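According to this note's numbering, the stretch in the sequence shown is residues 19 to 358, in order.
Below is one structure, written out as C-alpha coordinates; the observations come after it.
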Amino acid sequence: MAGIIRQNILTQQWVVYAIDRANRPMQMEESKTPKSDELPQLDVRCPFCPGNEEQLPGILYEKKGGKNGGWSTRAVLNKYSALTDEKDIEEYKMGIYRSVTAFGRNEVIIENPLHNIDITQMRQEQVEQIIDTYLNRYNYFYGTYSDIQNVIIFRNHGTASGTSLIHPHSQIAGIAVMPKFISDREMTSKNYYQENKRCLMCDILEFEQEDNQRLVYQNKTFFCFVPFAAEVPFEIWIAPKTHQGDFKNISKIECSDFADALKTALSRLTIRLDDPDYNYVIYSCSRGEDKAHFLHWYVRIRPRTVTTAGFEIGTGMHINPNLPESDAKILRGEASRLPD
(Lines of atoms letter the chains of each structure in order from A and count residues from 1; the text may use other names and numbers.)
(Lines give C-alpha, C1' and ligand atoms only; values in the text may rest on other atoms or scores of the structure.)
Protein backbone atom coordinates (compact mmCIF):
# COMPACT_ATOMS: atom_id res chain seq x y z
CA MET A 1 0.00 0.00 0.00
CA ALA A 2 1.42 3.41 -1.00
CA GLY A 3 2.16 5.85 1.80
CA ILE A 4 1.30 9.53 2.03
CA ILE A 5 3.53 12.57 2.57
CA ARG A 6 2.36 15.41 4.82
CA GLN A 7 3.94 18.77 5.54
CA ASN A 8 4.20 20.27 9.01
CA ILE A 9 2.94 23.82 8.47
CA LEU A 10 4.98 25.21 11.39
CA THR A 11 8.38 23.59 10.72
CA GLN A 12 7.90 23.15 6.94
CA GLN A 13 9.28 19.60 7.32
CA TRP A 14 7.87 16.81 5.14
CA VAL A 15 6.98 13.48 6.77
CA VAL A 16 6.42 10.17 4.96
CA TYR A 17 3.68 7.92 6.38
CA ALA A 18 4.29 4.24 5.62
CA ILE A 19 1.63 2.33 7.55
CA ASP A 20 2.74 -1.13 6.38
CA ARG A 21 6.22 -0.45 7.76
CA ALA A 22 4.97 -1.13 11.29
CA ASN A 23 4.53 -4.80 10.38
CA ARG A 24 8.12 -5.44 9.32
CA PRO A 25 10.05 -8.05 11.38
CA MET A 26 12.40 -6.83 14.12
CA GLN A 27 15.28 -8.82 15.60
CA MET A 28 17.00 -6.11 17.65
CA GLU A 29 15.95 -5.56 21.26
CA GLU A 30 16.26 -2.15 22.90
CA SER A 31 17.72 -1.75 26.38
CA LYS A 32 14.97 -1.01 28.88
CA THR A 33 14.95 1.97 31.22
CA PRO A 34 14.43 0.91 34.87
CA LYS A 35 10.89 1.47 36.20
CA SER A 36 10.25 3.63 39.26
CA ASP A 37 9.25 0.65 41.42
CA GLU A 38 12.63 -0.96 40.68
CA LEU A 39 14.55 1.99 42.16
CA PRO A 40 15.32 3.12 45.74
CA GLN A 41 13.92 6.38 47.15
CA LEU A 42 17.49 7.58 47.74
CA ASP A 43 20.70 6.50 46.03
CA VAL A 44 24.05 7.24 47.70
CA ARG A 45 25.72 7.35 44.27
CA CYS A 46 23.29 9.92 42.83
CA PRO A 47 24.46 13.57 43.00
CA PHE A 48 20.85 14.81 42.85
CA CYS A 49 19.66 12.93 45.96
CA PRO A 50 19.46 14.76 49.33
CA GLY A 51 22.60 14.20 51.40
CA ASN A 52 24.87 14.01 48.35
CA GLU A 53 25.26 17.77 47.87
CA GLU A 54 29.07 17.52 47.95
CA GLN A 55 28.82 15.91 44.51
CA LEU A 56 27.13 19.01 43.07
CA PRO A 57 28.98 22.03 41.61
CA GLY A 58 26.79 24.28 43.78
CA ILE A 59 23.08 25.02 44.24
CA LEU A 60 21.98 28.07 42.23
CA TYR A 61 18.28 28.11 43.10
CA GLU A 62 16.14 26.16 45.52
CA LYS A 63 12.36 26.16 45.81
CA LYS A 64 10.91 25.27 49.19
CA GLY A 65 7.75 23.25 49.61
CA GLY A 66 9.07 19.74 50.03
CA LYS A 67 8.45 17.28 52.84
CA ASN A 68 9.09 18.64 56.37
CA GLY A 69 9.82 22.11 54.99
CA GLY A 70 12.61 20.90 52.74
CA TRP A 71 13.27 21.72 49.11
CA SER A 72 10.97 20.70 46.28
CA THR A 73 13.12 21.64 43.27
CA ARG A 74 16.69 22.77 42.71
CA ALA A 75 18.73 24.31 39.92
CA VAL A 76 22.42 23.47 39.57
CA LEU A 77 25.01 24.02 36.85
CA ASN A 78 25.42 21.12 34.46
CA LYS A 79 28.80 19.79 35.53
CA TYR A 80 29.52 18.36 32.08
CA SER A 81 28.11 21.08 29.85
CA ALA A 82 29.73 21.86 26.51
CA LEU A 83 28.75 25.52 27.07
CA THR A 84 30.51 28.10 29.23
CA ASP A 85 29.67 31.64 30.39
CA GLU A 86 33.18 32.22 31.75
CA LYS A 87 34.84 33.15 28.45
CA ASP A 88 34.32 36.04 26.04
CA ILE A 89 32.85 35.19 22.67
CA GLU A 90 35.57 34.90 20.06
CA GLU A 91 35.32 33.98 16.40
CA TYR A 92 37.95 31.83 14.75
CA LYS A 93 38.71 31.35 11.06
CA MET A 94 40.47 28.37 9.54
CA GLY A 95 40.53 28.86 5.80
CA ILE A 96 36.92 28.68 4.61
CA TYR A 97 35.71 27.40 8.00
CA ARG A 98 34.30 29.39 10.89
CA SER A 99 33.92 28.62 14.58
CA VAL A 100 33.06 30.57 17.74
CA THR A 101 33.49 30.12 21.48
CA ALA A 102 30.81 27.81 22.89
CA PHE A 103 29.38 30.64 24.98
CA GLY A 104 26.22 29.81 26.85
CA ARG A 105 24.84 28.32 30.01
CA ASN A 106 23.37 24.92 30.88
CA GLU A 107 21.62 24.18 34.17
CA VAL A 108 19.96 21.06 35.52
CA ILE A 109 16.54 21.34 37.18
CA ILE A 110 16.28 18.66 39.88
CA GLU A 111 12.54 18.04 39.90
CA ASN A 112 12.07 16.21 43.21
CA PRO A 113 14.11 15.02 46.21
CA LEU A 114 12.98 11.42 45.60
CA HIS A 115 15.14 9.30 43.31
CA ASN A 116 12.37 6.91 42.25
CA ILE A 117 9.48 9.20 41.29
CA ASP A 118 8.47 10.19 37.78
CA ILE A 119 6.70 13.38 36.77
CA THR A 120 3.61 11.26 35.99
CA GLN A 121 3.53 10.10 39.63
CA MET A 122 3.90 13.54 41.19
CA ARG A 123 1.06 15.54 42.68
CA GLN A 124 -0.31 18.44 40.66
CA GLU A 125 1.34 21.02 42.92
CA GLN A 126 4.71 19.30 42.53
CA VAL A 127 4.52 19.61 38.74
CA GLU A 128 3.52 23.28 39.17
CA GLN A 129 6.67 23.80 41.26
CA ILE A 130 8.76 22.36 38.42
CA ILE A 131 7.16 24.76 35.94
CA ASP A 132 7.65 27.67 38.35
CA THR A 133 11.34 26.73 38.53
CA TYR A 134 11.51 26.60 34.72
CA LEU A 135 10.09 30.12 34.65
CA ASN A 136 12.55 31.42 37.25
CA ARG A 137 15.59 30.10 35.40
CA TYR A 138 14.24 31.12 31.97
CA ASN A 139 13.88 34.72 33.14
CA TYR A 140 17.30 34.58 34.81
CA PHE A 141 19.00 33.42 31.60
CA TYR A 142 17.51 36.16 29.42
CA GLY A 143 17.80 38.81 32.13
CA THR A 144 21.44 38.12 33.01
CA TYR A 145 23.17 37.17 29.77
CA SER A 146 22.70 39.66 26.94
CA ASP A 147 24.75 37.49 24.58
CA ILE A 148 22.40 34.52 24.91
CA GLN A 149 20.18 34.46 21.82
CA ASN A 150 17.96 31.48 22.50
CA VAL A 151 16.86 29.53 25.59
CA ILE A 152 15.29 26.09 25.53
CA ILE A 153 13.92 23.97 28.36
CA PHE A 154 14.02 20.24 27.80
CA ARG A 155 13.60 16.88 29.51
CA ASN A 156 15.24 13.59 28.56
CA HIS A 157 13.47 10.48 29.89
CA GLY A 158 15.06 7.06 29.52
CA THR A 159 18.27 5.68 28.07
CA ALA A 160 17.23 6.14 24.42
CA SER A 161 16.57 9.84 25.08
CA GLY A 162 20.20 10.54 25.93
CA THR A 163 19.83 10.88 29.69
CA SER A 164 22.69 9.65 31.88
CA LEU A 165 21.07 9.96 35.33
CA ILE A 166 17.81 8.36 36.46
CA HIS A 167 16.88 10.90 39.17
CA PRO A 168 13.97 13.04 37.81
CA HIS A 169 15.42 16.14 36.20
CA SER A 170 15.11 18.57 33.29
CA GLN A 171 17.59 20.99 31.77
CA ILE A 172 17.64 24.57 30.56
CA ALA A 173 20.20 25.78 28.04
CA GLY A 174 20.98 29.17 26.54
CA ILE A 175 23.34 29.68 23.61
CA ALA A 176 24.91 32.69 21.91
CA VAL A 177 24.30 31.47 18.36
CA MET A 178 20.90 31.14 16.71
CA PRO A 179 20.17 27.51 15.70
CA LYS A 180 18.91 27.25 12.12
CA PHE A 181 15.96 25.12 13.22
CA ILE A 182 14.82 27.90 15.56
CA SER A 183 15.36 30.74 13.07
CA ASP A 184 13.54 28.78 10.34
CA ARG A 185 10.59 28.10 12.66
CA GLU A 186 10.37 31.76 13.64
CA MET A 187 10.66 32.93 10.02
CA THR A 188 7.84 30.59 8.98
CA SER A 189 5.60 32.04 11.70
CA LYS A 190 6.59 35.60 10.78
CA ASN A 191 5.87 35.06 7.07
CA TYR A 192 2.50 33.50 7.90
CA TYR A 193 1.61 36.48 10.09
CA GLN A 194 2.61 38.97 7.39
CA GLU A 195 0.44 37.17 4.81
CA ASN A 196 -2.57 36.40 7.03
CA LYS A 197 -2.37 38.91 9.92
CA ARG A 198 -2.85 35.96 12.26
CA CYS A 199 -0.65 33.77 14.44
CA LEU A 200 0.13 30.44 12.77
CA MET A 201 -0.16 28.38 15.98
CA CYS A 202 -3.47 30.08 16.81
CA ASP A 203 -4.80 28.93 13.43
CA ILE A 204 -3.43 25.42 13.99
CA LEU A 205 -5.17 25.26 17.36
CA GLU A 206 -8.43 26.62 15.95
CA PHE A 207 -8.43 23.98 13.21
CA GLU A 208 -7.45 21.16 15.58
CA GLN A 209 -10.21 22.05 18.05
CA GLU A 210 -12.78 22.04 15.24
CA ASP A 211 -11.46 18.91 13.53
CA ASN A 212 -10.94 17.04 16.83
CA GLN A 213 -9.37 13.97 15.17
CA ARG A 214 -5.93 14.46 16.69
CA LEU A 215 -7.00 15.72 20.13
CA VAL A 216 -5.27 13.99 23.05
CA TYR A 217 -6.45 16.12 25.99
CA GLN A 218 -7.57 19.64 26.80
CA ASN A 219 -8.44 21.76 29.80
CA LYS A 220 -9.58 25.36 30.13
CA THR A 221 -6.40 26.99 28.81
CA PHE A 222 -4.26 24.26 27.18
CA PHE A 223 -4.70 21.93 24.22
CA CYS A 224 -2.75 18.68 23.67
CA PHE A 225 -2.76 17.05 20.24
CA VAL A 226 -0.84 14.84 17.85
CA PRO A 227 0.31 17.22 15.08
CA PHE A 228 -1.06 16.70 11.56
CA ALA A 229 2.46 15.86 10.28
CA ALA A 230 3.89 14.16 13.38
CA GLU A 231 7.46 13.07 12.65
CA VAL A 232 7.40 10.07 15.00
CA PRO A 233 4.66 7.82 16.42
CA PHE A 234 2.73 9.34 19.33
CA GLU A 235 4.35 12.78 19.09
CA ILE A 236 2.35 15.30 21.18
CA TRP A 237 2.27 19.09 21.13
CA ILE A 238 0.92 21.17 24.03
CA ALA A 239 0.07 24.85 23.54
CA PRO A 240 -1.91 27.57 25.33
CA LYS A 241 -5.32 28.04 23.69
CA THR A 242 -5.14 31.83 23.71
CA HIS A 243 -2.29 33.65 22.01
CA GLN A 244 0.86 33.79 24.10
CA GLY A 245 4.13 34.58 22.35
CA ASP A 246 6.56 34.06 25.22
CA PHE A 247 6.67 31.41 27.96
CA LYS A 248 7.59 34.13 30.48
CA ASN A 249 4.04 35.53 30.24
CA ILE A 250 2.30 32.45 31.61
CA SER A 251 -0.08 33.35 34.47
CA LYS A 252 -0.55 31.50 37.77
CA ILE A 253 -3.80 29.93 36.58
CA GLU A 254 -2.23 28.96 33.26
CA CYS A 255 0.74 27.49 35.13
CA SER A 256 -1.66 25.18 36.97
CA ASP A 257 -3.42 24.19 33.74
CA PHE A 258 -0.08 23.67 32.00
CA ALA A 259 1.03 21.34 34.80
CA ASP A 260 -2.22 19.40 34.39
CA ALA A 261 -1.84 19.18 30.61
CA LEU A 262 1.83 18.16 30.76
CA LYS A 263 1.27 15.51 33.41
CA THR A 264 -1.79 14.14 31.59
CA ALA A 265 -0.03 13.94 28.22
CA LEU A 266 2.97 12.14 29.72
CA SER A 267 0.67 9.84 31.71
CA ARG A 268 -1.17 8.88 28.52
CA LEU A 269 2.15 7.92 26.93
CA THR A 270 3.18 5.97 30.03
CA ILE A 271 -0.08 4.02 30.16
CA ARG A 272 -0.60 3.41 26.43
CA LEU A 273 3.04 2.78 25.47
CA ASP A 274 4.36 1.21 28.68
CA ASP A 275 6.50 4.18 29.75
CA PRO A 276 8.48 4.91 26.58
CA ASP A 277 11.69 6.89 26.49
CA TYR A 278 11.04 10.43 25.25
CA ASN A 279 12.32 13.99 24.97
CA TYR A 280 10.26 17.11 25.44
CA VAL A 281 11.22 20.68 24.60
CA ILE A 282 9.57 24.01 25.41
CA TYR A 283 9.92 26.33 22.40
CA SER A 284 9.51 30.04 23.11
CA CYS A 285 10.82 33.39 21.79
CA SER A 286 14.44 33.96 20.93
CA ARG A 287 16.08 37.32 21.65
CA GLY A 288 15.72 40.18 19.18
CA GLU A 289 12.86 42.08 17.59
CA ASP A 290 9.42 41.97 19.17
CA LYS A 291 8.16 38.54 18.11
CA ALA A 292 5.33 38.04 20.57
CA HIS A 293 2.64 38.93 18.01
CA PHE A 294 3.58 36.18 15.54
CA LEU A 295 5.15 33.51 17.79
CA HIS A 296 3.24 31.17 20.11
CA TRP A 297 5.15 29.05 22.64
CA TYR A 298 4.49 25.33 22.82
CA VAL A 299 5.84 22.00 24.07
CA ARG A 300 6.87 19.19 21.78
CA ILE A 301 6.95 15.67 23.26
CA ARG A 302 8.83 13.22 21.06
CA PRO A 303 8.74 9.54 22.11
CA ARG A 304 11.78 7.47 21.15
CA THR A 305 9.78 4.76 19.40
CA VAL A 306 11.60 4.58 16.04
CA THR A 307 15.22 4.62 14.88
CA THR A 308 16.65 7.12 12.41
CA ALA A 309 17.97 5.19 9.38
CA GLY A 310 19.49 5.85 5.95
CA PHE A 311 16.42 7.38 4.28
CA GLU A 312 15.97 9.91 7.08
CA ILE A 313 19.67 10.79 7.12
CA GLY A 314 19.84 11.04 3.33
CA THR A 315 16.73 13.18 2.80
CA GLY A 316 16.18 14.98 6.10
CA MET A 317 12.60 13.61 5.95
CA HIS A 318 11.03 11.29 8.50
CA ILE A 319 9.15 8.04 7.94
CA ASN A 320 6.33 7.53 10.43
CA PRO A 321 4.68 4.07 10.51
CA ASN A 322 1.62 5.48 12.32
CA LEU A 323 -1.04 7.94 11.23
CA PRO A 324 -1.50 10.79 13.74
CA GLU A 325 -5.27 10.22 13.86
CA SER A 326 -4.73 6.58 14.91
CA ASP A 327 -2.19 7.56 17.56
CA ALA A 328 -4.57 10.17 19.00
CA LYS A 329 -7.33 7.56 19.31
CA ILE A 330 -4.98 5.28 21.24
CA LEU A 331 -3.85 8.12 23.51
CA ARG A 332 -7.50 9.01 24.19
CA GLY A 333 -8.17 5.38 25.11
CA GLU A 334 -10.55 4.82 22.18
CA ALA A 335 -8.41 2.14 20.51
CA SER A 336 -5.81 -0.45 21.45
CA ARG A 337 -2.21 -0.07 20.40
CA LEU A 338 -2.08 -3.62 19.05
CA PRO A 339 -4.89 -5.44 17.23
CA ASP A 340 -6.72 -8.09 19.27
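Using N, Cα and C, we set each Cβ at its ideal position, and we do this for glycine too.
Bear in mind the structure is a predicted one, so any value in this text is a computation, not a measurement.
Identify which residue in GLN236, ARG116, VAL145 and GLY122 has its Cα closest to the Cα of SER90. When each option's Cα is compared against that of SER90, the closest is VAL145.
Contact check, ALA262 vs ILE268 under 8 Å by CB: the rounded distance? The amino acid at residue 262 is misidentified as Ala; the sequence shows Gln. Contact flag correct, Cβ pair sits at about 7 Å.
To the nearest angstrom, how far is the alpha carbon of HIS187 from that of SER117? 31 Å
Report the rounded CA-to-CA distance for ALA247 versus ASN26, giving the unit in angstroms. 5 Å
As assigned by DSSP and simplified to three states, the class of CYS273: It is helical.
What does DSSP give as the partner residues of MET112 in its beta bridges? TYR115
Assigned secondary structure, GLU47 (DSSP; H/G/I helix, E/B strand, else coil): Below a pLDDT of 50, predicted positions are generally treated as unreliable, and GLU47, at 43, falls in that range; the measurement from the model is reported next regardless. Reduced to three states, the DSSP call for GLU47 is coil.
List the endpoints of the continuous beta strand (DSSP E) containing GLN189. 187 to 193
Tell me PRO321's beta-bridge partners as DSSP assigns them. TYR296
With DSSP run on the structure shown, which of helix, strand or coil describes GLY366? It is not possible to answer for residue 366, since the shown part of the chain is limited to 19 through 358.
Spatial neighbours of ARG92 within its chain, please: C-beta separation below 6 Å, excluding the five flanking residues on both sides. ILE77, GLU80 and ILE128
What separation, rounded to the nearest whole angstrom, lies between the Cα atoms of SER164 and SER304? 12 Å
Does the stretch 156 to 163 come into contact with the stretch 280 to 290, if we say contact requires no fewer than three beta-carbon pairs (one atom in each stretch) closer than 8 Å? A contact between stretches requires three or more CB pairs, one per stretch, nearer than 8 Å, and the stretch 156 to 163 fails this requirement with the stretch 280 to 290.
Do you know how far the Cα of PHE121 is from the Cα of ASP103? 6 Å
Whole-Å CB distance - ARG318 paired with TYR301, under 8 Å assumed: 7 Å
DSSP state of THR102 mapped onto helix, strand, coil: strand
Using the Cα positions of SER179 and THR325, report the straight-line distance between them to the nearest angstrom. 12 Å
Using the beta-carbon count (16 or more within 10 Å), is ARG173 buried or exposed? buried
Exposure label - SER207; buried when at least 16 CB within 10 Å: buried
Using only CA atoms, which one of GLU204, SER344 and GLN236 lies nearest to ASP308? GLU204
Should GLY171 and ILE190 be called a contact, given that it needs their Cβ atoms to be closer than 8 Å? The sequence shown places Ile at residue 171, rather than the Gly named in the question. Contact flag set, yes.
What does DSSP give as the partner residue(s) for TRP7 in the beta ladder? Beyond the ends of the chain as shown, which are 19 and 358, falls residue 7; an answer cannot be given.
Mind checking which residues open and close the beta strand (DSSP E) that includes ILE171? Start and end: 168 to 175.
For GLY122, which residues does DSSP report across the bridge? Answer is ILE193, bridged to GLY122.
So if DSSP puts PRO258 in a beta bridge, which residue, or which two residues, is it bridged to? PHE240
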